[in-house]
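Protein chains in written order, with UniProt numbering: chain U, 1 to 474; chain S, 1 to 474; chain Y, 1 to 474.
Note that CB positions come from ideal geometry on N, CA and C, so glycine has one too.
From a predicted model like this one, the values you see are computed outputs, not experimental measurements.
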Amino acid sequence: MVSNEFAIAIMAAGKGTRLKSKHPKVLHEIGGRALLLHVIAAAETVVPADHIFCIIGHESDRVRTAVAATGVQFVLQPEQRGTGHALQMLKADFELSGRPIPQHLLVLSGDVPLIRPETIAAVRDTHLREHAAMTILTAVPADPTGYGRVLRASADKPEVTAIVEQKSLRSDQLSAPEINSGIYCFETAALFARLNALTTNNTHGEFYLTDIAAMLVAEGKRVVAIKADSVDEVLGANTIAEMMHLDAAMRLSTAHRLMAQGVTIFRPETCVIDAHVTVGPDTIIEPYVQLLGNTHIGSDSRIRSYSVIQNSRLGDNVLVRNGCILDTAEVANNAILGPYAHLRPESRIGEAAHIGNFVETKKTIIGRGSKANHLSYLGDAVIGDGVNIGAGAITCNYDGVHKHPTIIGDGAFVGSDSTLVAPITIGAGSYIAAGSSITEEVPEGALALGRSRQTTKPGWVAARKAAAKQNTNS
Amino acid sequence: MVSNEFAIAIMAAGKGTRLKSKHPKVLHEIGGRALLLHVIAAAETVVPADHIFCIIGHESDRVRTAVAATGVQFVLQPEQRGTGHALQMLKADFELSGRPIPQHLLVLSGDVPLIRPETIAAVRDTHLREHAAMTILTAVPADPTGYGRVLRASADKPEVTAIVEQKSLRSDQLSAPEINSGIYCFETAALFARLNALTTNNTHGEFYLTDIAAMLVAEGKRVVAIKADSVDEVLGANTIAEMMHLDAAMRLSTAHRLMAQGVTIFRPETCVIDAHVTVGPDTIIEPYVQLLGNTHIGSDSRIRSYSVIQNSRLGDNVLVRNGCILDTAEVANNAILGPYAHLRPESRIGEAAHIGNFVETKKTIIGRGSKANHLSYLGDAVIGDGVNIGAGAITCNYDGVHKHPTIIGDGAFVGSDSTLVAPITIGAGSYIAAGSSITEEVPEGALALGRSRQTTKPGWVAARKAAAKQNTNS
Amino acid sequence: MVSNEFAIAIMAAGKGTRLKSKHPKVLHEIGGRALLLHVIAAAETVVPADHIFCIIGHESDRVRTAVAATGVQFVLQPEQRGTGHALQMLKADFELSGRPIPQHLLVLSGDVPLIRPETIAAVRDTHLREHAAMTILTAVPADPTGYGRVLRASADKPEVTAIVEQKSLRSDQLSAPEINSGIYCFETAALFARLNALTTNNTHGEFYLTDIAAMLVAEGKRVVAIKADSVDEVLGANTIAEMMHLDAAMRLSTAHRLMAQGVTIFRPETCVIDAHVTVGPDTIIEPYVQLLGNTHIGSDSRIRSYSVIQNSRLGDNVLVRNGCILDTAEVANNAILGPYAHLRPESRIGEAAHIGNFVETKKTIIGRGSKANHLSYLGDAVIGDGVNIGAGAITCNYDGVHKHPTIIGDGAFVGSDSTLVAPITIGAGSYIAAGSSITEEVPEGALALGRSRQTTKPGWVAARKAAAKQNTNS
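Shown next, in the form of structure tokens:
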């Protein structure tokens, strides 16, 4: 493909009034990512980013900033006067900038986020194969009522005779099954030559791209249609409820992709799995699990219900018990987490290590086979292999001004309810007595205590009661 | 409307045998509230509470107690001998009490909880406009089989010719689409004049109100029908499974109301949102969130999955991370909670404050920008602005007999694992060393320590092992 | 029934290639149990375990080990050459072993796990009543396309004329509604006499049991069909997605069974309830609850959302708040747990006891009315009646080598953040001061302290800041 043969325009100027939101429509998120970013990602599989032109308008600065990192181009449509007007702006931009005009132009909608790369490629391929002036992507929903319909000369032929809005359908056309997706491919010259002929003689007073189809057909040019495999991928979202439908559809499709690769996902429709998550075979995902962002999970692992794992990397045979929260963490093979373990960013859990209930880690490395099983906070710590962190032990990493590190050597035993006041080093093989506040370095193999001796006062409770009674009586 | 023009009778005497429950049917809860309370709430939008007559029978004392606060009237139906019998009891009550008889009587079912105020009003308005002796609310389900059917003289006319039970339908009537909801409006005089003519010549040996329709039609009186917009709102619940269906329908409809107002609710069918909850636009509700009772959430907030918020008030731009439990709490703008924060009643979290993981608050005020991020229990405390509560710090508010308060001044730093023995005051800007037990007042700007100095015994671990070995050998 | 009249063969030799799993298909779990174990459990209701013959092949050792405890017999099918071949192996096994041949042979599939005992019995009874040579279990799905179809002589007669694969259906047979479930009953002699006549003249080159039906019909033997009540119970699982469908169906059917018994289960399709769980009437199960294994819950209890209860026994009027995890625990009447309580194996919670948020118990007995409400770890402990365990109190049950017990007498008060260093005994009615490390026995009624006296240094914070400033300046 000649580099300049194809370009893609993405309609991204609308406000989305029916969303009742202050955010521009194409920045609303489904599947963990803005609508427009989904469309750009699909478009990028067909043309390079600098051949993608986002036509922006409403809150254009916010939209531009949100997607700038993709490297796409932007064209401003200051007023939103219809899809035809959007491409008039694009044409003007080409003319002003002197940019070479691509031979073909694919038009996508920034609010139709489930469009698949395969489908965009199919539109392109059909367009080329059919030598069409315009190629229309259609779909066949269960009930086409309300949609604009694409009429063909013959049901089994690609040639289109008209695009007709619902209200203009003749009674014998009411059951026409194919709807217009609003996704097109044009021979750019044929399109640009007709854009100025568009009028606003319609209910909304806008310039409609569908009128180009009518012009081309009237002039005997070739307009063809191709059906999308599923309806969901051409559905837009005009209301939040519709957007939520697309979110669920996108994530369910990811779950089905993983199941087809040998991952067991109980109640797949209840899980929230982002599109780029990867999971090895024979891993079991229980209901109500969330795997978000760039998460990878190895094979033979089990993720129990209500756990939320984001941007993390887990090995093989890892057991994540119920309700764990992981964010930007790494977990090696055979580790066991939770229930209710909370791994914050830069937590690295070693092979076969255990992080138990109500334990929080942050910027902390836990060595091979080490255990912190109950009610601990471990922050800014480097913990060796085979270490035992007792229940309730806490790294005091913050002195009100700075954060300080805690270093614990291999095989150390940190007694329950210990307070490790950082910066501090606990030597390998050392032993911290339960209930100790540790403020000074502990050498290898040493015992450290930092607690008071017990005092016992026999009969105290009875005496206190007697005194209280006397007080009440007096 | 003349105050005595309309009254409403609500059938609430039944046992609900098929529920297999010891509780009376109308006290079973859906959407967080007893069935009967939903019906009363809808009825109260049309007539004042003292014009509503609940006809009670099975476990009448419990039913009366459960709804007494609404101010409705009660009529006892000691035996449950059918809907006609229920209104005979109502008539007798009017006669005995000498209460003025209302001109029109609306009849609702205490176990049809999704009935909407708009629909009750529509029945009333139709009744008046049509000058009917009896007006019947109908619905058109996908499959009417099994339901009593309302037959009209003509499909597009309001006049009813008969109500026919499923088993009495002629073959040409089997597909009659309109079902009888059991919700009626009567001209009271016309009704009361015929109640004594009802017989029990039917399968169940009960007095049926539907026979009144037959009498009125036979006498040439005007009986009309009006269709409900949806089937759900006339559905009763005879089994627990049916009741659960109504619960889900009620809550989903609340989710859709909020989405239409600009709230993003991912997987809306998975959330549990009570009818009176309000949420500002551009707030995001993740899947599996529960918003219960009189909860209000501001704009631009985010409630993450598995959080349950009941009778609480949250401001704008609040972030509630996963798994937080809030009950009767207040949370100011820009605060961050969780994951797994537990705010018990009378918790008031200040602006931009942070309550982190495994932290519980109860009857506690947290000032602006203060932080309690890990593993704390804060009870009966008043905490100022800019305070830092270290990991594991605990207010010891209970001495085995009484609860005592803890007061912490602005800018204080409470070290990790501190134990604050209440009653106690920690002065503004003071500093509590990690691991301290604090039993006495700490002045402003002071340092307080309450921990032992560390003792270190080098070589202790090796010595212990040697001793243990010798013990084993000896 | 003569003990040797019936035997059951279960097809369990397949690999399940489409699962993309290294585990044999019949060992994949749904409803908390391997597919094959579900089928064996159903089969055992009809014949004794030693009359059940599992035909195993792929990973036969693993399959044998996984189900050996049921007492079934095994027959090896070393190569998987079709259902007919499987029964050839069975026949050979009977012949070699000299085992008496049963008069009738029921054939089940190890990957059709929802088959109900009632349905197996109905196949058996039909087979006997009809004096059939072969009885075929059928089902009528919404869309039979793709399935082998069972054709009858007449729709209302039991006699079968043919089993026809989808691709061999004549156009007038395409809508034949009854599909072949692959579940059969044979007169064993009639079957065994024809097994050697099977050929592999088919697409997959396998020996097919369906060909036996054709032979029998051709010879004028009686082949009859009986319809299953539901389609789900004859569905197999060839993909993980299909298996997940069966899992959801199985668990939903359990939820419906419980609701019919008077249990309220909100959003029943969201709960995960294993087949053998029992729950008393008027207990309320909130959405997203999991009741697993051999769990029993009494009456009038409430289990709040996100709780997971496995192999545990709960009494009446127990309240389990959100997010509790119970494994092999016992909870007496009127107890209150959670939110986020974690009861590990051998936890026994007494009547009206409270275990609160972020509390973990393990091998621990809690007496009547005792409370451990916040942030505790209680392991290897025996705690009496009326004990109060303060927030953050911890049993230090592990010294790095051994686990030791903690005994706490009735009515003791264990102050917040106490550290109980086991082995240790805390006497009845004694009082442990908050923040204490307790290492020695506490007598009945005594006060024990193990904490340092507080030291306060007025003006320290200002002095430190001044020093820091000087350091920065110098």
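- The beta carbon of Phe358(Y) sits closer than 8 angstroms to some beta carbon of chain U.
- Straight-line spacing of the CA atoms in Asn294(S) and Val140(U) works out to 44 angstroms.
- If you check each beta-carbon in the region 313 to 338 of chain Y against every beta-carbon of chain U, the ones closer than 8 angstroms belong to Gly323, Ile325.
- Taking 8 angstroms as the cut-off between beta carbons, the residues of the region 260 to 274 of chain Y near chain S are Ala260, Gln261, Gly262, Val263, Thr264, Ile265, Phe266, Arg267, Pro268, Thr270, in sequence order.
- Counting only runs of 3+ residues, the beta strand (DSSP E) found wholly inside the region 295 to 360 of chain S occupies 308 to 310, 325 to 327, 329 to 331, 341 to 343, 347 to 349, 354 to 357, in chain order.
- In this structure, DSSP gives Gln73(S) an extended state, which the three-state scheme calls strand.
- For Asp410(S), not one C-beta of chain U is nearer than 8 angstroms to its own C-beta.
- Leaving aside the five residues that flank His342(S) on each side, the residues in its chain whose CB is nearer than 6 angstroms to its CB run, in chain order, Ile325, Glu360.
- The Cβ atoms of Val160(S) and Ala225(S) lie closer than 8 angstroms to each other.
- In the pairwise beta carbon analysis, the region 63 to 77 of chain Y is classified as not touching the region 179 to 194 of chain Y: fewer than three pairs are separated by under 8 angstroms.
- Taking 8 angstroms as the cut-off, the beta carbon of Thr395(U) is found closer than this to the beta carbon of Leu420(U).
- Counting only residues of its own chain and dropping the five nearest sequence neighbours on each side, Ile115(S) has a CB closer than 6 angstroms to the CB of Ala42, Glu233.
- For the options Glu440(Y), Val150(Y), Thr270(Y), Ser21(Y), the alpha carbon positioned closest to that of His245(S) is the one of Thr270(Y).
- When the beta-carbon positions are compared, Asp385(S) and Gly367(S) come within less than 8 angstroms of each other.
- The secondary-structure analysis by DSSP pairs Lys403(S) across a beta bridge with Tyr398(S).
- Put simply, of Thr254(U), Phe53(U), Leu128(U) the residue whose alpha carbon is nearest the alpha carbon of Asp93(U) is Phe53(U).
- The shortest C-alpha to C-alpha distance from Asp316(U) to any of Pro281(U), Ala329(U), Ala228(U), Arg344(U) is the one to Pro281(U).
- The DSSP-derived three-state label of Ala9(S) is strand.
- Nearest to Glu187(U) by alpha-carbon distance, out of His85(U), Leu216(U), Thr239(U), is Leu216(U).
- Counted as a single uninterrupted DSSP element, the stretch harbouring Leu106(Y) is not any alpha helix (DSSP H) but the beta strand (DSSP E) occupying residues 104 to 109.
- The Cβ of Asn311(Y) sits no closer than 8 angstroms to any Cβ of chain S.
- Distances from the CA of Glu59(U) to each of Ala393(U), Ala467(U), Arg129(U), Ala12(U) were compared; the closest alpha carbon is that of Ala12(U).
- Ile115(S) sits in coil when the DSSP states are folded into three classes, being neither helix nor strand.
- Judged by their CB atoms, Ile273(S) and Ala260(S) are not nearer to each other than the 8 angstroms cut-off.
- Using a Cβ-Cβ cut-off of 8 angstroms, Pro423(S) does not count as an interface residue toward chain U, since no Cβ of chain U sits closer than that to its own.
- When DSSP states are grouped into helix, strand and coil, Val39(U) belongs to the helix group.
- In the assembly as shown, His354(Y) is a buried residue. Its beta-carbon has 16 or more other beta-carbons within 10 Å.
- Near chain S, meaning a CB-to-CB distance below 9 angstroms, the residues of the region 286 to 300 of chain U are Tyr288, Gln290.
- Taking 8 angstroms as the threshold, the shortest C-beta distance from Leu375(U) to chain Y falls below it.
- Here DSSP, grouped into helix, strand and coil, assigns Val26(U) to helix.
- Fully enclosed alpha helix (DSSP H) runs of no fewer than 4 residues occupy 460 to 473 of the region 448 to 474 of chain S, in order along the chain.
- The C-alpha of Gly57(U) lies about 21 angstroms from the C-alpha of Thr199(U).
- The beta carbon of Ala352(Y) is closer than 7 angstroms to those of Asn334, Ala335, Arg368, Gly369 in its chain, skipping five residues each way along the sequence.
- Exclusion of the five residues before and after Ser175(U) leaves no residue of its chain whose Cβ lies closer than 6 angstroms to its Cβ.
- It is roughly 16 angstroms from the alpha-carbon of Leu106(Y) to the alpha-carbon of His85(Y).
- Boundaries of the beta strand (DSSP E) harbouring Gln290(U): 290 to 292, taken from the DSSP string.
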